[in-house]
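Take a look at the structure below.
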Amino acid sequence: MKTIYTSVSKAVFTLFTIAAFTISAKAQLSFINPVLTSGTDLQPGAVYRYLNVALNTTGYVKIDSIVGGAEVLQLDDNGMGFGSGFQPMIKSGGKGTSYVVFTFTFVNTLTNAPVSISNLTTEILDIDGNNNIKEIGDIHLAGGTPSIISSGTDLSTVVSGSEIFSRNIAGTEIGGIDTSAANVMYKAIQTNVTSIRVRFGTINDAGSRSTRQYSLYYRTFSPANNVSLPLTLLNFSAILKSEKVNLSWTTTEHTDFSHFVVQRSTDGKNFKDVMTMMTDATVSSSINQYGYNDNINGVNSTVVYYRLQMVDIDGSYEYSPIRLVRLNANNSVQIQAFPNPVVNELRVMIPASWQEKTTTYEIYSSNGLLVSRTKVASAAQVQQLNVQSLGSGNYIIRVTNGQEMSSSKFVKY
69 MKTIYTSVSK AVFTLFTIAA FTISAKAQLS FINPVLTSGT DLQPGAVYRY
119 LNVALNTTGY VKIDSIVGGA EVLQLDDNGM GFGSGFQPMI KSGGKGTSYV
169 VFTFTFVNTL TNAPVSISNL TTEILDIDGN NNIKEIGDIH LAGGTPSIIS
219 SGTDLSTVVS GSEIFSRNIA GTEIGGIDTS AANVMYKAIQ TNVTSIRVRF
269 GTINDAGSRS TRQYSLYYRT FSPANNVSLP LTLLNFSAIL KSEKVNLSWT
319 TTEHTDFSHF VVQRSTDGKN FKDVMTMMTD ATVSSSINQY GYNDNINGVN
369 STVVYYRLQM VDIDGSYEYS PIRLVRLNAN NSVQIQAFPN PVVNELRVMI
419 PASWQEKTTT YEIYSSNGLL VSRTKVASAA QVQQLNVQSL GSGNYIIRVT
469 NGQEMSSSKF VKY
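Here it is as structure tokens:
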């Protein structure tokens, strides 16, 4: 184990047409800042443009159809998971199967000619679920039989011809889009790709609608190297201590990795670089611990957000999950639950004296039924709880540390 610590100030149809242009073998397809070019926003027929998805390449995304009563709430939310991934937020259509159909096309920015993909790695993350609803993440890679590099233990993933069918079977919810949650993701490779289909949706046994977020990540690669992530992030935490925020993270399996960039935000959307930390390019299996103490004495905000930008040696990158810290915390035995009302993720702030202790988070319905329990061995100041699967109504969050207890009411939309 190596420790470094410093205080330095989710049917989607995608069509790639074979042409004279081919995306280079080490390029990442980045989906950032879509612009609506035609149609009605978030409705069938809407077309969005992504500039610079790769060098001299423009991408277009069309919402082809919406099946089973699903609803697109947000086309692409890059606030968590992979910053360059395609991450739609979709509301399920109730009982049964529902999904949304998208179309992706790519053209040369200079000539408008179609662009082909010679070598492609596709990753679908966060195919999770619960006892009542389970997510779907299918993909079709035309041009031959795709190869699965890895598939999570919570998934049933089957290859049939050029089609990969993947379903969540475990019913275990993962908060947000956790890029280290290998149990709910799979990775496939293909060469000479002429078309791609991906289907994001749900199989709902209960009938209550819930909002789900999906993550699709494209990256071409050299066939000799079947690793598409620069490293594996095992954990990332942020804890307030006095006038500093102690950031710590653990990684393994570095491959062609360059450096970390610690980024901070006061609104959760606009991040600024705080510091850069270089590290070993390649580490096979050792566990690496890193840390940084961020002095927030001059930060004019009651809340700060942190994330890591993890950069490969070719300049491609991914983001860690976002961590939140409230700067106006006090030592009273009271918890705070926010946002309230909540749609997807409930954040619970605990007293400073409870931090780094074993803490249990329980959610009860209005009639006193326990609906969720989460136990954390070393609690951070703010814990994120996924409440997407809860039905609309009033709930109570109760938090205990073995000796003390505090509770708060919240409303789930």
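In the working numbering, each residue's number is its place in the sequence shown (first place is 1) plus 68. C-beta atoms are modelled at their ideal positions from N, C-alpha and C, and glycine is treated no differently.
* At least 3 beta-carbon pairs within less than 8 Å: the segment 328 to 339 vs the segment 414 to 429 -> no
* Asked: Could you give the uninterrupted runs of the beta strand (DSSP E) lying entirely in the segment 125 to 151, keeping only those of 3 residues or more?
  -> 125 to 135, 139 to 142
* Asked: Closest by CA to residue 239, which one among 154, 194, 266?
  -> Against the sequence shown, residue 239 aligns to sequence position 171. Of 154, 194, 266, the residue nearest in Cα terms is 194.
* Asked: Do residue 138 and residue 166 have their CB atoms nearer than 7 Å?
  -> In the sequence shown, residue 138 corresponds to position 70, counting from 1. In the sequence shown, residue 166 corresponds to position 98, counting from 1. Yes, Cβ-Cβ distance for residue 138 and residue 166 is below 7 Å.
* On a CA-only basis, which of 113, 393, 341 is nearest residue 370? Give me that one, please. => Numbered from 1 along the sequence shown, position 302 holds the residue referred to as residue 370. Residue 393 is the option with its Cα nearest to residue 370.
* Bridge partners - residue 378, DSSP secondary structure assignment -> Taking the first residue of the sequence shown as 1, we reach residue 378 at position 310. 328, 386, per the DSSP bridge assignment.
* When the Cα atoms are used, what is the spatial distance from residue 378 to residue 343? -> Residue mapping note: residue 378 aligns to position 310 of the sequence shown, counting from 1. Residue mapping note: residue 343 aligns to position 275 of the sequence shown, counting from 1. One C-alpha to the other measures close to 12 Å.
* **Whole-angstrom distance between residue 414 and residue 49, CA atom to CA atom** => The chain is shown only over 69 to 481; residue 49 falls outside these bounds and no answer can be derived.
* DSSP-derived helix/strand/coil call for residue 168 -> For the purposes of this step, residue 168 is taken as the residue at position 100 of the sequence shown. Strand.
* Would you say residue 467 and residue 432 are within 7 Å of each other, going by their C-beta atoms? -> In the sequence shown, counting from the first residue as 1, residue 467 sits at position 399. In the sequence shown, counting from the first residue as 1, residue 432 sits at position 364. No.
* Taking the beta strand (DSSP E) that residue 231 falls in, what are its first and last residues? -> Within the sequence shown, numbered from 1, the residue matching residue 231 stands at position 163. 231 to 236 is the span of the beta strand (DSSP E), which, as asked, contains residue 231.
* Report the rounded CA-to-CA distance for residue 216 versus residue 280, giving the unit in angstroms. => The residue you call residue 216 lines up with position 148 of the sequence shown. The residue you call residue 280 lines up with position 212 of the sequence shown. One C-alpha to the other measures close to 24 Å.
* Looking at residue 237 and residue 219, is the spacing between their C-beta atoms short of 7 Å? -> Walking along the sequence shown from the start, residue 219 turns up at place 151. Walking along the sequence shown from the start, residue 237 turns up at place 169. Cβ atoms of residue 219 and residue 237: not closer than 7 Å.
* Asked: Of the choices 360, 117, 259, 189, whose alpha-carbon is the least far from that of residue 175?
  -> Sequence index remark: in the sequence shown, residue 175 carries index 107 (1-based). Comparing Cα-Cα distances from residue 175 to each of 360, 117, 259, 189, the minimum goes to 117.
* To do: Under 6 Å Cβ to Cβ from residue 233, same chain only, skipping five residues before and after it: list those, please.
  => Within the sequence shown, numbered from 1, the residue matching residue 233 stands at position 165. Taken in chain order, the residues that qualify are 206, 226.
* Asked: Helix or strand or just coil, what does DSSP make of residue 250?
  -> Position 182 of the sequence shown, counted from the first residue, corresponds to residue 250. Three-state DSSP puts residue 250 in a helix.
* Asked: From residue 386 to residue 339, what does the alpha carbon distance come to, in whole angstroms?
  -> The residue given as residue 386 occupies position 318 in the sequence shown. The residue given as residue 339 occupies position 271 in the sequence shown. Straight-line Cα distance between these residues: approximately 14 Å.
* Does the separation of the CB atoms of residue 469 and residue 427 fall below 7 Å? -> Sequence index remark: in the sequence shown, residue 469 carries index 401 (1-based). Sequence index remark: in the sequence shown, residue 427 carries index 359 (1-based). Yes, the pair counts as a contact, with Cβ atoms nearer than the cut-off.
* Asked: What are the partner residues of residue 269, as DSSP defines its beta bridges?
  -> As a working note, residue 269 is residue 201 in the sequence shown. BP columns for residue 269 point to 167, 204.
* Using three-state DSSP, classify residue 98 as helix, strand or coil. => Along the sequence shown, one-based indexing puts residue 98 at 30. The answer is coil: DSSP assigns residue 98 none of H, G, I, E or B.
* To do: Kindly list the residues whose CB is nearer than 6 Å to the CB of residue 402, restricted to its own chain and excluding five residues on each side of it in sequence; keep chain order.
  => Along the sequence shown, read from residue 1 onward, the residue named residue 402 stands at position 334. Closer than 6 Å at the Cβ level, and outside the excluded window around residue 402, lie 474.
* **Spatially closest choice to residue 445 from 301, 204, 198, 424, by CA coordinates** => Mapped onto the sequence shown, residue 445 falls at position 377. Residue 445 has its Cα closest to that of 424, out of 301, 204, 198, 424.
* Asked: What do you get for residue 319, buried or exposed, if any count of 16 or more other CB atoms within 10 angstroms of its CB means buried?
  -> Taking the sequence shown and counting its residues from 1, one reaches residue 319 at position 251. Residue 319 should be labelled buried.
* Of all the options 347, 391, 181, which has the alpha carbon lying nearest to the alpha carbon of residue 337? -> Residue 337 sits at position 269 when you count from the first residue of the sequence shown. Considering only alpha carbons, the answer is 391.
* To do: Under 8 Å by Cβ, that's how I've got residue 162 and residue 277 pegged, so tell me the actual separation to the nearest angstrom.
  => Stepping through the sequence shown from its first residue, residue 162 is reached at position 94. Stepping through the sequence shown from its first residue, residue 277 is reached at position 209. Indeed, because the Cβ distance is near 5 Å, the residues count as touching under 8 Å.
* To do: For residue 125, collect the residues of the same chain with a Cβ closer than 7 Å to its Cβ; drop the 5 residues on either side in sequence, then sort them by chain order.
  => Walking along the sequence shown from the start, residue 125 turns up at place 57. Excluding residues within five positions, the ones whose Cβ falls inside 7 Å are 91, 174, 176, 177, 183.
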